[in-house]
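Numbering (the numbering used here), first residue to last: 262 to 846.
We put the beta carbon where it would ideally sit given N, CA and C, even for glycine.
None of the values given here were measured: they were computed from a predicted structure.
Quick notes on the structure that follows.
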Amino acid sequence: MRMSTVFLRTLRDDPADAEVESHKLLVRAGFIRKVASGIYSWLPLGNRVLRRVEQIVRSEMDGAGAQEVILPIVQPLELWERSGRDKAYGPFLFRLQDRKEAAFCLSPTAEEVITTMVAAEYSSYRDLPVNLYQVNWKYRDELRPRFGLLRGREFLMKDAYSFDLDVEGLRVNYAAMYDAYARVFTRCGLTFRAVEGEAGEIGGDINHEFMAVAAVGEDDFVWCQSCEYAANVEVARRKSGVSAAHDSAAIDVPAIEKVHTPGLSGIAGVADFLDVAQSDLLKCIAFDVDGDLGLALVPGDREVNEVALAQALAPRLIRLFTDDDFAARPDLAKGYIGPHYSGATVVVADPSVAAPRAWITGANEIDHHSRGVVLGRDFNVVTWADLVTIVSGDPCPECDGTLSVDRGIEVGQVFQLGTKYSTALGAFYTDENGDQHPMVMGCYGIGISRVVAAVVEEHHDDRGISWPASVAPFDAHLVVLPGKADGADEVKRIADELYEGLKRAGVEVLYDDRDASPGVKFADADLLGMPVQLTIGAKGLARGVVEVKVRVGGDRSDLPISDDLVPILVEKLRVSASENGEVVW
RNA sequence: CGGGAUGUGGCGCAGUUUGGUUAGCGCGCAGCGUUCGGGACGCUGAGGCCCCGGGUUCAAAUCCCGGCAUCCCGACCA
Numbered sequence: 262m263r264m265s266t267v268f269l270r271t272l273r274d275d276p277a278d279a280e281v282e283s284h285k286l287l288v289r290a291g292f293i294r295k296v297a298s299g300i301y302s303w304l305p306l307g308n309r310v311l312r313r314v315e316q317i318v319r320s321e322m323d324g325a326g327a328q329e330v331i332l333p334i335v336q337p338l339e340l341w342e343r344s345g346r347d348k349a350y351g352p353f354l355f356r357l358q359d360r361k362e363a364a365f366c367l368s369p370t371a372e373e374v375i376t377t378m379v380a381a382e383y384s385s386y387r388d389l390p391v392n393l394y395q396v397n398w399k400y401r402d403e404l405r406p407r408f409g410l411l412r413g414r415e416f417l418m419k420d421a422y423s424f425d426l427d428v429e430g431l432r433v434n435y436a437a438m439y440d441a442y443a444r445v446f447t448r449c450g451l452t453f454r455a456v457e458g459e460a461g462e463i464g465g466d467i468n469h470e471f472m473a474v475a476a477v478g479e480d481d482f483v484w485c486q487s488c489e490y491a492a493n494v495e496v497a498r499r500k501s502g503v504s505a506a507h508d509s510a511a512i513d514v515p516a517i518e519k520v521h522t523p524g525l526s527g528i529a530g531v532a533d534f535l536d537v538a539q540s541d542l543l544k545c546i547a548f549d550v551d552g553d554l555g556l557a558l559v560p561g562d563r564e565v566n567e568v569a570l571a572q573a574l575a576p577r578l579i580r581l582f583t584d585d586d587f588a589a590r591p592d593l594a595k596g597y598i599g600p601h602y603s604g605a606t607v608v609v610a611d612p613s614v615a616a617p618r619a620w621i622t623g624a625n626e627i628d629h630h631s632r633g634v635v636l637g638r639d640f641n642v643v644t645w646a647d648l649v650t651i652v653s654g655d656p657c658p659e660c661d662g663t664l665s666v667d668r669g670i671e672v673g674q675v676f677q678l679g680t681k682y683s684t685a686l687g688a689f690y691t692d693e694n695g696d697q698h699p700m701v702m703g704c705y706g707i708g709i710s711r712v713v714a715a716v717v718e719e720h721h722d723d724r725g726i727s728w729p730a731s732v733a734p735f736d737a738h739l740v741v742l743p744g745k746a747d748g749a750d751e752v753k754r755i756a757d758e759l760y761e762g763l764k765r766a767g768v769e770v771l772y773d774d775r776d777a778s779p780g781v782k783f784a785d786a787d788l789l790g791m792p793v794q795l796t797i798g799a800k801g802l803a804r805g806v807v808e809v810k811v812r813v814g815g816d817r818s819d820l821p822i823s824d825d826l827v828p829i830l831v832e833k834l835r836v837s838a839s840e841n842g843e844v845v846w
């Protein structure tokens with residue numbers, strides 16, 4: 262495509278409202294423009310990238326046996342009331358009404374619609390399994406859209422839904438999707454990890470999140486340096502080194518001693534003040550457990566994992582104490598809570614709290630802490646459960662290795678849903694014996710617009726974007742530098758010829774034929790980020806060559822101008838683009 | 001939902017404290033000329049409901065009130 266005709270304006274300055282590199286660069290390079298908070302227009306270059314990611318996803322989905330459909334974005338709210346998800350989503354659901362004041366919403370996912378559709382069409386065991394997917398815009402009225410495309414209110418997502426006879430069938434579909442996802446993200450050039458995830462709003466059982474490793478990610482995930490164990494930090498476990506059954510009342514410790522700790526409600530302050538390690542303190546966090554007061558106990562240097570606590574106390578519902586809760590229970594001193602508080606009916610502790618030792622804890626009295634607090638003598642634990650949030654250095658639960666924690670962008674997720682939606686929305690089939698069973702479902706999402714941002718986060722430098730060849734808007738960027746000397750027309754003629762030749766050969770070329778200075782053209786080429794740059798100018802022509810620069814790393818080389826130039830370039834471009842989009846010239 | 005900040009040509013900003021000519025600067029855009037291998041230069045020019053609505057005043061981008069929008073932080077570790 263001739264750049265003189267492309268709808269494009271690049272910017273020298275970073276947009277004032279952008280925080281992260283992907284947002285800044287995609288706006289500066291003219292790929293996207295903001296229309297409202299968390300809502301973007303995709304300009305021609307951005308659209309090309311989006312479509313290429315989409316095609317990669319599509320090819321892997323088709324390859325895994327899924328069939329593409331298109332489901333409505335505007336959906337009757339009634340469907341969501343039937344599944345109960347209108348309440349689960351709450352204000353995150355974009356709602357609207359038609360002229361008759363019937364209630365609708367903009368689809369954040371499509372379990373309801375697809376399950377209803379499959380239920381209407383299929384009712385026999387002979388029909389299953391089936392796996393349907395769509396690529397469509399999704400809507401979530403985020404509390405706080407941010408980071409450009411990374412957390413938008415409108416985003417492009419591929420969502421697939423599988424329907425099986427039984428759990429064994431689901432496992433097969435799930436494994437196929439899992440493998441397809443790994444191929445998708447590899448082809449997009451992302452460094453990623455599949456980790457065990459939390460179920461979230463959708464509900465369900467086994468699931469994995471695909472995390473693109475990135476410092477700007479919003480999710481922490483844990484992975485083992487020695488084995489395959491990897492999990493979202495919310496559900497990550499560690500090897501328990503201490504037996505929970507230990508009775509440490511026997512150790513020889515003097516009775517509790519109260520110490521004055523004025524104004525020191527935090528662990529760090531108390532540890533400093535008393536000149537002890539934070540791990541010498543026992544942290545007591547107050548929770549509401551279905552109306553009862555619960556205390557969660559972990560060593561002072563660790564944090565309570567609320568998801569783990571919720572699991573330990575399920576089916577009872579937990580909620581971290583709010584200021585209102587504290588106000589309603591004035592004798593519970595926020596900042597000075599101890600495990601021996603008499604009103605605590607549910608005391609849950611991490612196994613590490615069972616170590617035979619004395620703790621420093623809150624004294625259940627403002628401005629006071631207690632020394633020499635001993636398990637079994639001064640306080641008791643009702644429930645033992647792994648409660649601490651995993652940090653780097655913790656032992657792997659699966660092997661003898663050590664865990665690390667990294668940040669990631671969640672670019673995909675696969676769920677084994679089970680029968681939650683099929684039961685609620687009536688997706689049943691009749692088996693050989695005439696008995697009815699709910700279909701067993703899985704659902705599988707990929708954030709396509711988010712992948713675009715994740716790719717930029719991983720593939721950029723201080724000059725701009727450097728797209729993996731697999732998702733770049735064009736295969737090559739051809740720069741012509743005619744100058745004003747006598748040979749200008751000849752330079753232009755040869756560049757035009759190369760452009761036309763490559764185009765005929767099926768290469769997508771962005772041809773900078775603009776009447777701009779060399780500096781502008783080179784700067785834009787680096788900013789826009791095509792994987793290979795070709796330059797034709799008087800200088801190279803004098804040596805009879807076209808100059809080649811690989812965007813990643815900036816390696817330069819020459820190719821002689823000859824009748825074979827086009828086929829040679831085509832071959833080079835084809836061979837250089839490896840499976841993960843990396844260019845090796 | 002709390003706290004903070006911002007809103008001025010397409011983009012990035014100054015001007016607002018202390019009201020007062022014709023609202024500036026850089027980039028970008030148009031024309032002319034010079035330049036032409038890493039964001040060139042000169043001259044000329046176009047382009048602004050100063051977020052919106054009220055109010056105060058002889059006079060409002062500037063002060064007051066009320067909205068809206070955008071961004072950041074927080075909404076948890078006692």
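- So, helix, strand or coil for GLU843, using DSSP? coil
- Pick from VAL379, GLY351, MET378, GLY762 that is closest to CYS366, judged by C-alpha positions: Closest in C-alpha terms to CYS366, from the list VAL379, GLY351, MET378, GLY762, comes GLY351.
- Message: With a threshold of 6 Å on Cβ separation, who are the neighbours of GLU372 within its own chain once the five nearest residues in sequence on each side are excluded?
- Response: TYR682
- Item | Proximity to PRO729 [Cα-Cα], best of SER823, THR447, ASP551 | THR447
- Query: Is ALA505 helix, strand or coil when you go by DSSP?
  - Reply: Annotation note: pLDDT 47 at ALA505 (below 50); position unreliable, no value reported.
- Task: Could you tell me the boundaries of the alpha helix (DSSP H) in which GLU429 lies?
- Result: 428-448
- Item | Where PRO821 falls: helix, strand or coil (DSSP) | strand
- Query: Mind checking whether PRO617 and LEU556 have CB atoms under 8 Å apart?
  - Reply: Between PRO617 and LEU556, the gap from beta carbon to beta carbon reaches 8 Å or more.
- Message: With distance defined between alpha-carbon atoms, name the residue in SER839, ILE621, GLY596 nearest to GLU518.
- Response: ILE621
- Task: Express the C-alpha separation of TRP645 and ALA505 in angstroms, rounding to a whole number.
- Result: Legend: pLDDT at ALA505 = 47, less than 50; position of this residue unreliable, no value from coordinates given.
- Which residue from PRO337, THR377, TRP846, ASP347 puts its Cα closest to that of GLU362? Measuring from the Cα of GLU362, the nearest candidate turns out to be PRO337.
- Determine the contact status of LEU411 and ALA714, defining contact as a CB-CB distance below 8 Å. Less than 8 Å divides the Cβ of LEU411 from the Cβ of ALA714.
- Query: Would you say ASP773 and MET418 are within 8 Å of each other, going by their C-beta atoms?
  - Reply: For ASP773 and MET418, no; Cβs fall outside 8 Å.
- Message: In whole angstroms, give me the CA-to-CA distance for GLU315 and HIS721.
- Response: 21 Å
- Specify the secondary structure class of TRP341 as computed by DSSP and reduced to three states. helix
- Contacting residues, own chain, Cβ-Cβ under 7 Å from GLU495 (five flanking each side not counted): Same-chain partners within the cutoff: GLU459, ASN566, VAL568.
- Query: Exposed or buried, ALA733, counting other C-beta atoms within 10 Å across all chains shown (16 or more means buried)?
  - Reply: buried
- Message: For the pair the region 791-810 and the region 697-713, tell me if three or more CB-CB distances fall below 8 Å.
- Response: No contact exists between the region 791-810 and the region 697-713.
- Query: Taking the Cβ atom as the reference point for each residue, do PHE471 and PHE453 lie within a distance shorter than 8 Å?
  - Reply: yes
- Message: Does the contact criterion of 3 or more C-beta pairs under 8 Å hold for the region 573-580 versus the region 642-658?
- Response: A contact exists between the region 573-580 and the region 642-658.
- Message: Please classify GLN794 as buried or exposed, where buried requires at least 16 other C-beta atoms within 10 Å of its C-beta.
- Response: Under this definition GLN794 is a buried residue.
- Classify GLN328 as buried or exposed, calling it buried when 16 or more other Cβ atoms lie within 10 Å of its own Cβ. GLN328 is exposed by the Cβ-count criterion.
- Query: Touch check for the region 820-834 and the region 750-764: three-plus C-beta pairs under 8 Å?
  - Reply: yes
- Straight-line Cα distance separating ASP480 from SER487: Approximately 22 Å between the Cα atoms of the pair.
- Task: Return the first residue and the last residue of the beta strand (DSSP E) that LEU771 is part of.
- Result: 770-773
- Does the beta-carbon distance from TYR301 to GLY413 come in below 8 Å? yes
- Message: Beta-carbon within less than 6 Å of ARG289's beta-carbon, same chain only, minus the 5 sequence neighbours each way: which residues are those?
- Response: Listed in chain order, the non-local C-beta contacts of ARG289 below 6 Å within the same chain comprise LEU272, local neighbours out to five positions each way being set aside.
- Query: Does the beta-carbon distance from GLU321 to ALA473 come in below 8 Å?
  - Reply: no
- Query: Quick one: is THR266 buried, meaning 16 or more other Cβ sit within 10 Å of its Cβ, or exposed?
  - Reply: Per the 10 Å Cβ criterion, exposed.
- Item | DSSP bridge partner residues for MET702 (one or two, in chain order) | Paired residues: PHE424, GLY679.
- Extent of the continuous alpha helix (DSSP H) run through ALA529: 528-535
- 6 Å CB neighbourhood of LYS295 in its chain, flanking five on each side removed: Same-chain partners within the cutoff: TYR301.
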